[in-house]
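Data block below; observations after.
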Amino acid sequence: MMDQDRIDGGYRVKNGLIALLVIAGGFFVTNPEKPTYVDYASVRFAETATEAICRSPQLPGWARSITSSMQEVCRGTVETGTNFGKEPLQNFINGITEHQNFLLFSTYTTKFPGRTVKTVGVLGNFFPLQ
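Going by my numbering, 1076 is the number at position 32 of the sequence shown; the sequence numbering is gapless.
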């Protein structure tokens, strides 16, 4: 009986280690690289810039249709500009970003003028911490 318990316990430990290795392997394989982060950050930056630049002021009801049209024009213009300047923006973000690879996940610290953004990359996704 004692030997059977030892054997069963050994299988559980072995199966647990195999499961842990499979999970760690999944984290390792899906750990995003810096170029993937730079793509993500440049899209987020462009979206944030578009919202900041094209934000609608609080106007009376009769003026909202005009501002709505102006917002659409603004968004189209800013999006065209960010698409046109995508590569320079990515180069800029790449230059101000520090990447630390911890094998199962990565951290990214992007130092914009006046603001630092810290992000964790894990399982193919990015999670801003600040």
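Even glycine gets a Cβ: it sits at the ideal position worked out from N, Cα and C.
>> Between which two residues does the alpha helix (DSSP H) holding phenylalanine 1170 run?
In response: Walking along the sequence shown from the start, residue 1170 turns up at place 126. Note, phenylalanine 1170: premise wrong, no alpha helix (DSSP H); beta strand (DSSP E) at 1169 to 1172.
>> Considering only DSSP beta bridges, list what phenylalanine 1149 is partnered with.
In response: Here residue 1149 corresponds to residue number 105 of the sequence shown, with the count starting at 1. The partner list for phenylalanine 1149 (beta bridge, DSSP) is empty, contrary to what the question assumes.
> What's the gap between the Cα of aspartate 1083 and the Cα of valine 1057?
Replying inline: Mapped onto the sequence shown, residue 1083 falls at position 39. Mapped onto the sequence shown, residue 1057 falls at position 13. Cα to Cα, aspartate 1083 sits roughly 41 Å from valine 1057.
> Where isoleucine 1067 and threonine 1151 are concerned, what is the direct C-alpha to C-alpha distance, given to the nearest angstrom?
Replying inline: Position 23 of the sequence shown holds residue 1067. Position 107 of the sequence shown holds residue 1151. Cα to Cα, isoleucine 1067 sits roughly 19 Å from threonine 1151.
> Nearest CA to the CA of glutamate 1131: which residue from Ala1085, Gly1060 and Leu1061?
Replying inline: Position 87 of the sequence shown, counting from 1, holds the residue named residue 1131. Selected option, being the one with the closest Cα: Ala1085.
> Out of curiosity, what's the CA-to-CA distance linking isoleucine 1140 and leucine 1061?
Replying inline: Taking the sequence shown and counting its residues from 1, one reaches residue 1140 at position 96. Taking the sequence shown and counting its residues from 1, one reaches residue 1061 at position 17. Rounded to whole angstroms, isoleucine 1140 to leucine 1061 spans 39 Å at the Cα level.
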